[in-house]
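The block underneath contains the structure these notes are about, expressed in structure tokens.
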Amino acid sequence: MSVFISGASSGIGEACARNFAANGKDLVLVARRKDRLEKLSTELRERHGIHVHTFELDVRSRKAVEGFIAGNQAVLNTIEVLVNNAGLAAGLSPIQTGNIDDWERMIDTNVKGLLYVSRGLLPLMIKRAAEGVSCHVVNIGSVAGYWVYPNGNVYCATKFAVKALSEGMRVDLHGTGIRVTEIAPGMAETEFSLVRLGDAEKAKAVYTGMTPLSAQDVAETVLWCVQRPKHVNIQELVVFPTQQSSVSLVARQ
Ligand SMILES: NC(=O)c1ccc[n+]([C@@H]2O[C@H](COP(=O)([O-])OP(=O)(O)OC[C@H]3O[C@@H](n4cnc5c(N)ncnc54)[C@H](OP(=O)(O)O)[C@@H]3O)[C@@H](O)[C@H]2O)c1
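Each residue of the sequence shown is one higher than the last, beginning at 5 in our numbering.
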């Protein structure tokens, strides 16, 4: 059985790859930074003796995703767990002065990318599930998909969409036996803030005086959900760092 992870070149996706590998699962890893995926796959193959396939893929490109799915059916037919993790926030501005390129980047990655990948892989997973195999989709949403914070507008909207799509998948896959889980993390220190703010110092300041979640904390919740017995589906799991009580309330020392 193999686990497909989008955005496995850093942060939560990479930590998921490490955890599933440590549990003996074969991996199919995609992201744009192929060099990072190669390095990770070499390490995980050597350490855990698993099979790892890596592909350079920009999930924003419908054409690229469709070509990837059509061209790799043999590998993709083994997928039992799909972790839709690739995503980002770009910028932090009021809607009235927001950068439209940033909006498109977030919508194209977090919503359309998740849809392209899911549309390609779900038919294959439905066939596997019909053969009695336990299949599972894990969508990485966010607490930003439950509550909106100032200047979070479009990022929050994309994560509200991930929440709705998770629910939509669950009802549309009704009766197939495929489980669908949405994991909604609060602040996690990954490359997320660097990507969002484009500045290492500003990114570090996001976590000043508080202990954020680590990528590993989030990846452990993903693994835990997947490891529940076949008849148990954790539909949604919201996980905050202890010092973050709500989407915009952080106790800093
Ligand atoms: N960190 C947080 O505080 C936090 C909180 C809640 C939810 N999340 C969500 O968690 C997920 C993972 O983020 P992270 O925190 O681990 O950030 P990260 O370290 O920046 O990782 C993001 C991953 O997504 C990949 N990615 C981005 N755009 C892509 C594209 N167009 N095609 C393919 N892959 C793409 C990146 O790979 P490449 O750049 O190599 O393509 C990278 O592997 C995201 O969906 C994010 O919204 C994060």
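We put the beta carbon where it would ideally sit given N, CA and C, even for glycine.
Closest residue to residue i among the options (Cα-Cα distance)
i, options, result
"SER197", "PRO216, ILE182, GLU186 and ALA188", "PRO216"
"HIS52", "VAL34, GLY75, ARG37 and ASP30", "ASP30"
"ASP203", "GLN100, GLY95, TYR150 and ALA133", "GLY95"
"ASN155", "ASN103, VAL115, GLU84 and ASN143", "ASN103"
"LEU86", "VAL32, ALA78, THR212 and HIS57", "VAL32"
"THR185", "ARG232, ARG36 and GLN257", "ARG232"
"ILE238", "GLN257, PRO245, VAL226 and GLY172", "VAL226"
"GLY149", "LEU61, ALA21 and ALA165", "ALA165"
"SER138", "CYS229, SER146 and SER97", "CYS229"
"ILE54", "ALA25, ILE73 and SER65", "ALA25"
"VAL236", "GLN77, VAL115 and GLY181", "GLY181"
"GLY179", "VAL199, GLY136 and TYR211", "GLY136"
"PRO245", "GLU224, SER218, ALA223 and VAL79", "SER218"
Closer than 7 Å: residue i CB and nearest ligand 1 heavy atom
i, result
"ALA223", "no"
"ILE73", "no"
"VAL34", "yes"
"GLY22", "The question names Gly, yet the displayed sequence has Arg at residue 22. No."
"GLY15", "yes"
"PRO245", "no"
"ARG174", "no"
"SER10", "yes"
"SER122", "no"
"LEU80", "no"
"ALA165", "no"
"GLY91", "yes"
"ASN114", "yes"
"ALA207", "no"
"SER218", "no"
"MET191", "yes"
"ASP30", "no"
"VAL7", "no"
"ILE182", "no"
"PHE4", "With the chain covering 5 to 257 only, the question about residue 4 has no answer from this structure."
"VAL87", "no"
"GLY202", "no"
Query raised in the report: Should the segment 57 to 76 be called in touch with the segment 114 to 124, which here means at least 3 C-beta pairs below 8 Å?
Result: yes
Requested in this report: Count the CB pairs spanning the segment 39 to 53 and the segment 77 to 96 that are closer than 8 Å, and state whether there are at least three.
Outcome: no
Requested in this report: Taking 8 Å as the threshold, find out whether the segment 123 to 135 comes into contact with the segment 188 to 195 through three or more Cβ pairs.
Outcome: no
Query - Length at least 3, wholly inside the segment 10 to 84: the beta strand (DSSP E) runs in chain order - result: 30 to 35 and 56 to 60
Query raised in the report: Hey, which unbroken runs of the beta strand (DSSP E) at 3 residues or more fall wholly within the segment 124 to 161?
Result: 140 to 144
Query - beta strand (DSSP E) runs contained entirely in the segment 95 to 128, provided each spans 3 or more residues - result: none
Requested in this report: Tell me the start and end of each unbroken alpha helix (DSSP H) in the segment 202 to 245 that is at least 4 residues and wholly inside, in chain order.
Outcome: 204 to 209 and 219 to 231
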